[in-house]
Amino acid sequence: MDIQALEAFLQERGEPKFRLSQVRQAFFVDFVPAWDGVTTWSKALREAAEARIPWNELEPVKTLEAPNGDTVKTLFSCRDGKKIEAVLMRHEDGRNTVCVSSQVGCAMACAFCATGTMGVKRNLSAMEIVEQVIYYARWLKPKNERVTNVVLMGMGEPFANYDNVMSALRILNDHDGFNLGARHMSISTCGIVPGILKLADEDLQVNLAISIHAGTDEVRSKFMPVNQAYPLSKLMPAIKTYMEKTNRKVMFEYLLLKGVNDRIEDAQALADLLGPDYRLVHVNVIKYHPTELFDATGKAERIAFVHQLHELGVPATHRITFGEDIDAACGQLAVQEVGGETKQGLDAVRVVRQKA
Ligand code: SF4
5 MDIQALEAFL
15 QERGEPKFRL
25 SQVRQAFFVD
35 FVPAWDGVTT
45 WSKALREAAE
55 ARIPWNELEP
65 VKTLEAPNGD
75 TVKTLFSCRD
85 GKKIEAVLMR
95 HEDGRNTVCV
105 SSQVGCAMAC
115 AFCATGTMGV
125 KRNLSAMEIV
135 EQVIYYARWL
145 KPKNERVTNV
155 VLMGMGEPFA
165 NYDNVMSALR
175 ILNDHDGFNL
185 GARHMSISTC
195 GIVPGILKLA
205 DEDLQVNLAI
215 SIHAGTDEVR
225 SKFMPVNQAY
235 PLSKLMPAIK
245 TYMEKTNRKV
255 MFEYLLLKGV
265 NDRIEDAQAL
275 ADLLGPDYRL
285 VHVNVIKYHP
295 TELFDATGKA
305 ERIAFVHQLH
315 ELGVPATHRI
325 TFGEDIDAAC
335 GQLAVQEVGG
345 ETKQGLDAVR
355 VVRQKA
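Residues 5 to 360 (our numbering) are what the sequence shown spells out, left to right.
Here it is as structure tokens:
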């Protein structure tokens, strides 16, 4: 839904302001799926609006549901035909977390990530980000459930699309609309320092997660090109500034890649990096979905890695991953859809990896 276009439409027709509120109620609160559902409007007004303004910015083109029902992944087509994806994770404790994309593709080229093979095509608009959440809110409504958490951890680097991401989070937070608490929303970054510092000054207290994946520049630079621009000597002070300004805990994501960053000395390096200055942190150790490029660390080694972090005084958990059987890791579904571009991307990553 293009809200600005709707405002212009209503203004042109001299409609009262409450017409906009009626649509907002239908869209963000009642989760109606189409213009027909705006029953507070006359049929003629609905039809005139529909001719000008599509109800949805995104069209679902493929949905995969894990056999146990804990993960639902959807591939969407944007109005310009670009493909993005979002994932719903249904936790046993009743939380429903939606992992959304912020860009079509991603320029950050992390070697372990399917999206990183695509390059970046464009930023998503605020409403394209919001509608990924609304789609799952509609999906959950017949089950009398709602979206409880949103994470910007899908395709794209959120801080490379900072303004639209923040607008989207404010729309989702709007008390007269979707009304999701800021503390239920998280931004995950690969380590864009200016974005971290900017977020520290926002009045919206969303959570911050850092894709750290290594405790030294040497290891991190092997698979995260962003580490050249923002090495740990720049990243960690920015995180410290963020924590001092916001007094909020920071999550560190650590994906275990077999033989690359999963040794005991890697756990030690991470503990040294976090050090006593960074006690307001938590490390999520994550199982990797194996690809052609990297193998996943086995379960026993993952548990040993977490145990080692505990021994070193680092708060850490072994995060349960969702949807391995439906390619739910970042970008895997969209990448399959772009065919040739993907192969080129994978070839490029292989070259980067060989050089590292
Ligand atoms: S992991 Fe995130 S930042 Fe890195 S390439 Fe993938 S989408 Fe981009």
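Every residue, glycine too, gets a C-beta built ideally from N, C-alpha and C.
Remember, predicted model here, so these are calculated numbers, not experimental data.
Of all the options the options, which has the alpha carbon lying nearest to the alpha carbon of residue i?
| i | options | result |
| --- | --- | --- |
| phenylalanine 31 | Ala308, Ile214, Pro162 and Ala141 | Ala141 |
| leucine 203 | Tyr292, Cys117, Lys249 and Ala304 | Lys249 |
| valine 287 | Thr295, Leu278 and His293 | Leu278 |
| isoleucine 88 | Ala52, Gly98 and Ser129 | Ser129 |
| glutamate 132 | Asp299, Pro235, Leu173 and Arg17 | Leu173 |
| asparagine 183 | Ile138, Gln107 and Ile214 | Ile138 |
| glutamine 136 | Asn153, Glu19 and Pro146 | Asn153 |
| leucine 10 | Lys226, Thr67, Asp40 and Trp59 | Trp59 |
| methionine 159 | Asn168, Val108, Ile200 and Asp180 | Val108 |
| isoleucine 191 | Leu156, Asp276 and Gly263 | Leu156 |
| arginine 4 | His179, Tyr166, Arg99 and Glu51 | Absent from the model: residue 4. The displayed extent of the chain is 5 to 360, so no value can be given. |
| leucine 208 | Asp34, Glu222 and Ala186 | Ala186 |
| proline 280 | Ser25, Pro319 and Glu206 | Pro319 |
| phenylalanine 298 | Val210, Leu284, Val264 and Arg323 | Val264 |
| threonine 220 | Asn211, Gln232, Ala213 and Lys145 | Gln232 |
| threonine 295 | Glu222, Leu212, Gly120 and Phe35 | Gly120 |
| tyrosine 246 | Lys226, Lys262, Val285 and Leu261 | Val285 |
| glutamate 149 | Glu96, Asp84, Met122 and Glu257 | Glu96 |
| valine 36 | Gly85, Thr301 and Leu144 | Leu144 |
| aspartate 6 | Pro20, Gly181, Glu51 and Leu62 | Leu62 |
| glycine 199 | Tyr166, Ala213, Asn211 and His314 | Tyr166 |
| proline 241 | Gly18, Asp40, Glu51 and Leu201 | Leu201 |
| alanine 213 | Glu206, Met255 and Lys244 | Met255 |
| aspartate 205 | Val223, Arg224, Met170 and Gly181 | Met170 |
Please go through the same chain and pick out, in chain order, the residues whose beta-carbon is closer than 8 Å to the beta-carbon of residue i, but skip the five residues on each side of it.
| i | result |
| --- | --- |
| glycine 73 | Arg94 |
| isoleucine 196 | Glu161, Phe163, Ala164, Val230 and Tyr234 |
| histidine 188 | Thr152, Asn153 and Val154 |
| lysine 86 | Val108, Lys125 and Arg126 |
Cβ-heavy atom distance between residue i and ligand 1 below 8 Å?
| i | result |
| --- | --- |
| valine 230 | yes |
| phenylalanine 13 | no |
| glycine 199 | no |
| glycine 120 | yes |
| methionine 112 | yes |
| phenylalanine 22 | no |
| serine 380 | No answer is possible for residue 380: the residues shown for the chain start at 5 and end at 360. |
| serine 81 | no |
| serine 215 | yes |
| cysteine 194 | yes |
| cysteine 117 | yes |
| glutamate 161 | yes |
Kindly list the residues whose CB is nearer than 6 Å to the CB of residue i, restricted to its own chain and excluding five residues on each side of it in sequence; keep chain order.
| i | result |
| --- | --- |
| leucine 259 | His217, Ile290 and Tyr292 |
| glutamate 4 | Since the first residue shown for the chain is 5 and the last is 360, residue 4 is missing from the structure and cannot be characterised. |
| arginine 126 | Val108 |
| threonine 404 | Only positions 5 to 360 of the chain appear in this structure, which leaves residue 404 out of reach. |
Short of 7 Å in beta carbon distance, which residues of its chain neighbour residue i, apart from the five on each side in sequence? Order them along the chain.
| i | result |
| --- | --- |
| valine 134 | Ala172, Ile175 and Leu176 |
| cysteine 194 | Met112, Cys114, Glu161, Ser215, Met228 and Val230 |
| phenylalanine 13 | Ala53, Arg56 and Ile57 |
| leucine 316 | Ala271, Gln272 and Ala275 |
| valine 65 | Leu79, Phe80 and Ser81 |
| histidine 322 | Val289, Arg306, Ile307 and Val310 |
According to the neighbour-count rule (16 or more other Cβ atoms, all chains shown, within 10 Å of its Cβ), is residue i buried or exposed?
| i | result |
| --- | --- |
| serine 106 | buried |
| lysine 253 | exposed |
| glutamine 15 | exposed |
| aspartate 266 | buried |
| phenylalanine 22 | exposed |
| serine 237 | exposed |
| valine 342 | Residue placement at valine 342 cannot be trusted, given a pLDDT of 43 that sits under 50; what the coordinates show is reported in the next sentence. Looking at its Cβ environment, which holds 16 or more other Cβ atoms inside 10 Å, valine 342 is buried. |
| glutamate 268 | Sequence inspection shows isoleucine at residue 268; the glutamate mentioned does not correspond to that position. Isoleucine 268 comes out exposed. |
| isoleucine 307 | exposed |
| alanine 304 | exposed |
| asparagine 100 | buried |
| alanine 48 | exposed |
| asparagine 168 | buried |
| lysine 226 | buried |
| valine 42 | buried |
| alanine 38 | exposed |
| glutamine 312 | buried |
| valine 33 | exposed |
| lysine 359 | Because the pLDDT of lysine 359 is 32, which lies under 50, any placement of that residue in the model is unreliable, and the number read from its coordinates should be weighed accordingly. It counts as exposed. |
| glutamine 8 | exposed |
Beta-carbon of residue i versus every beta-carbon of chain D: anything under 9 Å?
| i | result |
| --- | --- |
| proline 71 | Here chain D cannot be found, since the structure has a single protein chain. |
message: Ignoring anything shorter than 4 residues, give me the alpha helix (DSSP H) runs that lie fully in the region 271-324, in order along the chain.
response: Taken in chain order, the unbroken stretches of alpha helix (DSSP H) that lie wholly in the region 271-324 and span 4 residues or more are 303-315.
message: Report the start-end ranges of each alpha helix (DSSP H) in the region 216-248 that is 4 residues or longer and not cut off at the edges.
response: As far as the region 216-248 is concerned, its whole alpha helix (DSSP H) runs of at least 4 residues are 221-227 and 230-233.
query: Taking the runs of the beta strand (DSSP E) that are 3 residues or longer, which of them lie wholly in the region 70-111?
result: 75-81, 87-94, 100-103 and 107-110, all fully within the region 70-111.
Unbroken stretches of the beta strand (DSSP E), 3 residues or longer, contained in the region 48-72: With a minimum length of 3 residues, the continuous beta strand (DSSP E) runs that stay inside the region 48-72 are 63-69.
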